[in-house]
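Undergrad: My questions will all concern the structure given below.
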Amino acid sequence: MARRDDNLPEVIYRKHPPLLSSEPSPWVRQPARHLPLFLLLALLSCALIAIDLRTGFSWLQVAAGKVSGPIIHMVDLVLAPVARSVTVIRETLTARSENADLRNRVVELEARLHSSQTALEENIRLRQLLDLKAEVAPEAEAAEVLRYRNEAASRVMILRGGGSQGLSVGQPVITRSGQLLGRITGITDLVSTVRLITDPGSSIGVTLEKTQSQGILYSRDGNLFVRVDRAEEVPEEERVVTSHAGELFPKGLLIGFIEGEAGPIERDPFVAADLGLMKSYRVKTAYPIEDWERIREVLCLPAWGRELPAVAGTRP
Amino acid sequence: MRSFTYLAIGLALGFFQGSMEVAWSLGGPTPDLLLLYVLWLGSRRQTGCAMLVGFLGGILQDAVGLFRPVGVHSLCKVIAAYLPEGAHFILVAENRLTGLLLIAAATLIQQAVLLTIIQTFEPGGVWGAKVVLEALAMLTWHLILWFLVVGRLPVARELEAGA
């Protein structure tokens, strides 16, 4: 308990219980006893500042520098290792932070690169499609493939785009390389169904380009065959295009090339008896059938009934 | 005799402080040991001695530390030395929390006086976020040192005797 031998107010002891000392300060009784010294030293300090600014104390600093050299060296010896350690720690922490940032940046750039590559590939595909569109028919519509269904009973392709995009039933569909794929057989506002030429029910009138022989293209187990008159001489690699006499497609659309004579089991299943008057040949498509599932965009030619130039098909 | 010892220690500390400011390579501001010593003296009711130590030690600090103008730290230390008495003058109690408050006040006042004088005689470029950060760093240094050294010192015998 504090010794109450002064006249301090009670509130000091109640509100501020002393921890270090419980004795009331004598300063309170003599509040200004050091004020003159304080003022004197403050004024002296100001005078020193003024003198230094006007005339300078370079001699004092030179003298002090000479004396303090060893001490500065000693302090430096103590502090330098600590400073180096601090620097190493700081640089390590900074490097870790930078490393994490760079890793994030690499991930971000990889994602951006992947996106750019995808966009570039898509750009190339679309450009080729646009070139073909300009070459074949400016009114042709490009469409994205939603799904490729390759089943024994039905081979179709579903396109993103339907009546609202101006597509209609009967439009021939080709690839960017000019390969005939089929024709639109079903349509809604938003999607279209393309019946492929490899569909088992598909049957198309074709022309062998050099010999001008007329034949029927049919599909068996997903492969294409052409049936022509037995008397026709059909060379290998003969181009097979749509016939001028066909009703489903414009003339001259590329289908593929003659690959060789078909075997007995590869004959047209819908022709019960050809009486030995017809001969079947295997047709190798310009765009391999096994790669059709990778087709991303197709071109829908204008509805059949208009005159179209022949498409110069190229191998993919 | 005791005052002479305090004075000698103070001068040595001023000299050491100046040397440390020259050799300081840890980055940021240098902790002001002389300021802490002056405050410690003041809190031990050696106000006159503390002011004298602050004045002379400050001159040494500026001279050895190549600080211009010489006398700025003297002025700051004299003000800091009078702070404990000023604190009692406005009826602040005497305990360890008071010590922390005095440390904070003295540090900020010293920085304010330093910057004001430097800005007055060498205008330009001393204000900004860097000044605030340096003041905070120095305050942190001083509080840590006070906790580690002064705050752990035993209660002065003459104070205990009076309790």
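Taken in order, these protein sequences are the chains called A and B. Quick note on numbering: the first sequence equals residues 155 to 470 in the numbering used here. Quick note on numbering: the second sequence equals residues 718 to 880 in the numbering used here. Backbone N, C-alpha and C define an ideal beta-carbon position, used for all residues, glycine too.
(1) Please confirm if D230(A) has its CB atom under 8 angstroms from at least one CB of chain B.
(2) Output yes or no for whether 8 angstroms exceeds the beta carbon distance between V394(A) and V360(A).
(3) Going along chain A in order, which residues have a C-beta closer than 7 angstroms to the C-beta of I861(B)?
(4) Going along chain B, which residues have a C-beta under 8 angstroms from V240(A)?
(5) Does the stretch 319-333 of chain A touch the stretch 438-451 of chain A, meaning 3 or more C-beta pairs lie closer than 8 angstroms?
(6) Quick check: what's the CA-CA separation for S373(A) versus T352(A)?
(7) Rounded to whole angstroms, what is the Cα-Cα separation between V240(A) and S720(B)?
(8) Ordered along the chain, which non-local residues of its own chain (more than five positions away) have a Cβ less than 8 angstroms from that of V345(A)?
(9) Taking all protein chains shown into account, do 16 or more other C-beta atoms lie within 10 angstroms of the C-beta of I153(A), making it buried, or fewer, making it exposed?
(10) Can you give me the start and stop residues for the alpha helix (DSSP H) that R208(A) sits inside?
(11) Please classify W213(A): is it buried, with 16 or more other beta-carbons within 10 angstroms of its beta-carbon, or exposed?
(12) Going by other Cβ atoms of all chains shown within 10 Å of its Cβ, with 16 needed for buried, is H790(B) buried or exposed?
(13) For H268(A), decide whether its Cβ has a neighbour in chain B, counting only Cβ atoms nearer than 8 angstroms.
(14) For the alpha helix (DSSP H) containing Y441(A), name the first residue and the last one.
(15) Alpha carbons only, please: which of W741(B), I835(B), I726(B) and Y723(B) is nearest the one belonging to C200(A)?
(16) If you draw a straight line from the C-alpha of R469(A) to the C-alpha of D343(A), how long is it?
(17) With C-beta atoms as the reference, is S736(B) less than 8 angstroms away from A237(A)?
(18) Rounding to the nearest angstrom, what Cα-Cα distance links G355(A) and D255(A) in this structure?
(19) Please state the DSSP three-state secondary structure of R257(A).
(20) Counting only Cβ-Cβ distances shorter than 9 angstroms, please list the residues of the stretch 787-798 of chain B near chain A, keeping chain order.
(21) Quick check: what's the CA-CA separation for S760(B) versus V849(B)?
(22) DSSP beta-bridge partners for F379(A)?
(23) Within 8 angstroms of any Cβ in chain B, is that where the Cβ of L233(A) sits?
(24) So V866(B) contacts chain A; which residues on that side make the cut at Cβ distance below 8 angstroms?
(25) Taking the DSSP output, what are the residues bridged to M311(A)?
(26) What's the call for H268(A), buried or exposed, on a 16-neighbour Cβ count within 10 Å?
(27) Inspect the CB distances between the stretch 822-831 of chain B and the stretch 786-803 of chain B and report whether three or more fall short of 8 angstroms.
(28) Is DSSP giving T361(A) helix, strand or coil here?
(29) When you compare the CB of S318(A) with every CB in chain B, is at least one pair closer than 8 angstroms?
(30) With 8 angstroms set as the bound, which would you pick, yes or no: does the beta-carbon of I226(A) sit closer than that to a beta-carbon of chain D?
(31) What residue does the beta strand (DSSP E) around Y327(A) start on, and which one ends it?
(32) Which chain A residues are close to F772(B), counting only those with a beta carbon under 8 angstroms from its beta carbon?
(33) E298(A) and C454(A) - do their beta-carbons sit closer together than 8 angstroms?
(34) Count the other CB atoms within 10 Å of the CB of R450(A); is the residue buried (16 or more) or exposed (fewer)?
(35) Which of the three DSSP states, helix, strand or coil, is assigned to S367(A)?
(36) Going along the chain, which residues of its own chain have a beta-carbon closer than 7 angstroms to the beta-carbon of S175(A), five neighbours each way excluded?
TA: Result, derived from the coordinates:
(1) The residue labelled residue 230(A) in the question sits at position 76 within the first sequence. Contacts with chain B at 8 angstroms (Cβ-Cβ) include D230(A).
(2) Sequence index remark: in the first sequence, residue 394(A) carries index 240 (1-based). Sequence index remark: in the first sequence, residue 360(A) carries index 206 (1-based). Taking 8 angstroms as the cut-off, the Cβ atoms of V394(A) and V360(A) count as close.
(3) Stepping through the second sequence from its first residue, residue 861(B) is reached at position 144. Ordered by position in chain A, no residue passes the 7 angstroms Cβ test against I861(B), which lies about 15 angstroms from the chain.
(4) Residue 240(A) sits at position 86 when you count from the first residue of the first sequence. Result: L743 and G744.
(5) Under the 8 angstroms Cβ criterion, the stretch 438-451 of chain A counts as touching the stretch 319-333 of chain A, having at least three qualifying pairs.
(6) For this step, residue 373(A) is matched to residue 219 along the first sequence. For this step, residue 352(A) is matched to residue 198 along the first sequence. So the two alpha carbons sit approximately 5 angstroms from each other.
(7) For the purposes of this step, residue 240(A) is taken as the residue at position 86 of the first sequence. For the purposes of this step, residue 720(B) is taken as the residue at position 3 of the second sequence. If I take the Cα positions, the gap works out to 39 angstroms.
(8) Translated into the one-based positions of the first sequence, residue 345(A) becomes position 191. Around V345(A): L300, I312, L313, R314, G315 and G316.
(9) An answer regarding residue 153(A) cannot be provided, because it is not within the stretch 155 to 470 covered by chain A.
(10) As a first step, residue 208(A) must be located in the first sequence, where it is residue number 54. L189 to R208 is the span of the alpha helix (DSSP H), which, as asked, contains R208(A).
(11) Taking the first residue of the first sequence as 1, we reach residue 213(A) at position 59. With fewer than 16 Cβ atoms within 10 Å of its Cβ, W213(A) is classed as exposed.
(12) As a working mapping, residue 790(B) is identified with position 73 in the second sequence. By the 10 Å Cβ count, H790(B) comes out buried.
(13) Within the first sequence, residue 268(A) is the residue found at index 114, counting from 1. With 8 angstroms as the cut-off, H268(A) does not count as an interface residue toward chain B.
(14) Stepping through the first sequence from its first residue, residue 441(A) is reached at position 287. Annotation for Y441(A): no alpha helix (DSSP H) segment contains it, and DSSP assigns it neither H nor E.
(15) For the purposes of this step, residue 200(A) is taken as the residue at position 46 of the first sequence. Ranking the options by Cα distance to C200(A), first place goes to I835(B).
(16) Position 315 of the first sequence, counted from the first residue, corresponds to residue 469(A). Position 189 of the first sequence, counted from the first residue, corresponds to residue 343(A). Reliability of the predicted coordinates at R469(A) is poor, the pLDDT of 41 falling under 50, and the value obtained from them is presented with this limitation in mind. Each residue's alpha carbon lies about 33 angstroms from the other.
(17) On the second sequence, position 19 is the one that residue 736(B) refers to. On the first sequence, position 83 is the one that residue 237(A) refers to. No. Outside cutoff.
(18) Reading the first sequence from its first residue, position 201 is the one you call residue 355(A). Reading the first sequence from its first residue, position 101 is the one you call residue 255(A). Each residue's alpha carbon lies about 60 angstroms from the other.
(19) Stepping through the first sequence from its first residue, residue 257(A) is reached at position 103. Here R257(A) sits in helix by DSSP.
(20) Close to chain A, meaning a Cβ-Cβ distance shorter than 9 angstroms, are the following residues of the stretch 787-798 of chain B: V787, G788, V789, H790, S791, L792, C793, K794, V795, I796 and A798.
(21) For the purposes of this step, residue 760(B) is identified with residue 43 of the second sequence, where counting begins at 1. For the purposes of this step, residue 849(B) is identified with residue 132 of the second sequence, where counting begins at 1. Cα to Cα, the separation comes out at about 27 angstroms.
(22) For the purposes of this step, residue 379(A) is taken as residue 225 along the first sequence, with counting starting at 1. Answer is Y372(A) and R436(A), bridged to F379(A).
(23) Locating residue 233(A) in the first sequence gives position 79, where the first residue counts as 1. It does; some Cβ of chain B falls within 8 angstroms.
(24) Stepping through the second sequence from its first residue, residue 866(B) is reached at position 149. Simply none; closest approach about 15 angstroms.
(25) Residue mapping note: residue 311(A) aligns to position 157 of the first sequence, counting from 1. Partner(s): Y302(A) and V348(A).
(26) As a first step, residue 268(A) is located in the first sequence; it is residue number 114 there, counting from the start. Residue environment analysis places H268(A) among the exposed positions, since fewer than 16 neighbouring C-beta atoms fall within 10 angstroms of its C-beta.
(27) Counting Cβ pairs under 8 angstroms, three or more are found: they touch.
(28) To locate residue 361(A), count along the first sequence from 1; it is residue 207. Three-state result, T361(A): strand.
(29) Translated into positions along the first sequence, residue 318(A) becomes position 164. No, no contact with chain B.
(30) Looking at the structure shown, chain D is missing, and the protein chains on hand are A and B.
(31) Residue 327(A) sits at position 173 when you count from the first residue of the first sequence. In the sequence under discussion, the amino acid at residue 327(A) is Val, which differs from the Tyr named in the question. Per DSSP, the continuous beta strand (DSSP E) segment holding V327(A) begins and ends at P326 to I328.
(32) As a first step, residue 772(B) must be located in the second sequence, where it is residue number 55. From the beta-carbon of F772(B), the residues of chain A found nearer than 8 angstroms are L195, L198 and S199.
(33) Stepping through the first sequence from its first residue, residue 454(A) is reached at position 300. Stepping through the first sequence from its first residue, residue 298(A) is reached at position 144. Going by C-beta atoms, C454(A) is not nearer than 8 angstroms to E298(A).
(34) Within the first sequence, residue 450(A) is the residue found at index 296, counting from 1. R450(A) sits exposed, since fewer than 16 C-beta atoms from the chains shown fall within 10 Å of its C-beta.
(35) Locating residue 367(A) in the first sequence gives position 213, counting from the first residue. In this structure, DSSP gives S367(A) an extended state, which the three-state scheme calls strand.
(36) Position 21 of the first sequence, counted from the first residue, corresponds to residue 175(A). Residue placement at S175(A) is poorly supported in this model, since its pLDDT is 48, which falls under 50; the coordinates are not used for a value here.
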